[in-house]
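When you line the sequence shown up against the numbering used here, it's residues 40 to 300, in that order. Think of the CB as a built atom: it goes at the ideal place given N, C-alpha and C, for glycine as much as any other residue. Here is the structure we will look at.
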Amino acid sequence: MGQSVNMFGLNIASVSFAEAVSALSEVLDKEAPAKVVVTPNTDQIVKLSRDHDLLLQYQTADFIFPDGFPLVVASHLLHGKGGCQERVTGADLFPALCRVVDKQHGRIFLLGGHPEDEASLSLAMINKYPSAQIEIFSPSMNFTTDSAEGRDAIERINRFKPDLTFACLGMPKQERWALRYRSMLATKLICCFGAAFEFDLGLTKRAPVAIQKIGLEWLWRLLGNPRALSRRYLIDDPYFAVILLRELLKTARHRRNEPRI
40 MGQSVNMFGL
50 NIASVSFAEA
60 VSALSEVLDK
70 EAPAKVVVTP
80 NTDQIVKLSR
90 DHDLLLQYQT
100 ADFIFPDGFP
110 LVVASHLLHG
120 KGGCQERVTG
130 ADLFPALCRV
140 VDKQHGRIFL
150 LGGHPEDEAS
160 LSLAMINKYP
170 SAQIEIFSPS
180 MNFTTDSAEG
190 RDAIERINRF
200 KPDLTFACLG
210 MPKQERWALR
220 YRSMLATKLI
230 CCFGAAFEFD
240 LGLTKRAPVA
250 IQKIGLEWLW
260 RLLGNPRALS
270 RRYLIDDPYF
280 AVILLRELLK
290 TARHRRNEPR
300 I
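Given below as structure tokens:
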């Protein structure tokens, strides 16, 4: 699927959004073992830097796209013109892939949301993608990879046999579950997209396109929900600068040690 950029221990795809949708659509057209899609942002890179086992698991994802604008900038600082082409966000991929499956009259399974909202979420998905068959499972906050609900999700998916499965449980819960059980799931594509469905269905308002393009979507989200997001954006995520500096120094040392021809 084109080139990739190695940084932060990950091989991150350097593709356009259209190329990403095309590659994932090809997966949906084939009968093959399930593929997992992840879309790292700065918050995820920080978490991966603090959990080596999670990083090793995350590295096994089949598609890794740069969700965060800072990752695209970092890729060019590290690799120059060989950096990532553009952001490929879960929030944008969610409706694009749903439209693909809807046109094919296929099946979509969404693992996410709150239990009390499961019925309304199902209705919203059916109204937006009427040609697709939809099934929703909104587990409790106690959902884990090894919990009864985690196993129940596997059974529901294998009964429904969806073409497209969304694991929207937040990072790292969704990635741990998807990457551990993908070989057991009767689906073609498992997308770990966090709150992407909330944006698509209008449950959470997304930043205007102009703000997205200048890399300030994080600020829009912070101002919209400061209580929930202040720690993430103001305390945890600034550590990304430290991680990037380390990566820049490592890259510089590697280049100095390369044999000159």
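- As a beta-bridge residue in DSSP terms, Thr204 pairs with Phe148, Ile229.
- Below 8 Å, enough C-beta pairs join the stretch 74 to 82 and the stretch 99 to 112 to call them touching: three or more.
- Considered as a whole, the stretch 77 to 146 harbours 81 to 88, 91 to 97, 108 to 118, 129 to 142 as its complete alpha helix (DSSP H) runs of no fewer than 4 residues, in chain order.
- Comparing alpha carbon positions, the residue from Leu150, Glu214, Ser170 closest to Glu194 is Leu150.
- Beta bridge pairing from DSSP links Val44 with Ile51.
- In this structure, the CA atom of Arg245 is about 15 Å from the CA atom of Phe232.
- In the three-state reduction of the DSSP assignment, Phe56 falls in the helix class.
- With fewer than 16 other CB atoms across the displayed protein chains lying within 10 angstroms of its CB, Gln42 is exposed.
- Its chain contains Ala235, Phe238 as the residues whose beta carbon lies nearer than 6 Å to that of Ala130, once the 5 sequence neighbours on both sides are disregarded; these appear in chain order.
- For the 7 Å CB-CB criterion, Val44 and His115 do not form a contact.
- Within the DSSP secondary-structure output, Gln213 pairs in no beta bridge.
- Taking the C-beta atoms as reference points, Lys200 is found nearer than 7 Å to Ala225.
- Secondary structure at Glu174: strand, using DSSP grouped into helix, strand and coil.
- Only residues of its own chain outside the window of five on either side were considered, and among them Asp239 have a CB closer than 7 Å to the CB of Pro134, listed in chain order.
- Shortest Cα-Cα distance from Gly209 to any of Met164, Thr184, Met46 involves Thr184.
- Exclusion of the five residues before and after Lys74 leaves Val66, Asp101, Leu228 as the residues of its chain whose Cβ lies within less than 6 Å of its Cβ.
- According to DSSP, residue pairing for Val75 in a beta bridge involves Ile229.
- Here Ile253 is exposed, its C-beta having fewer than 16 other C-beta atoms within 10 Å.
- Secondary structure of Met180 (DSSP, three-state): coil.
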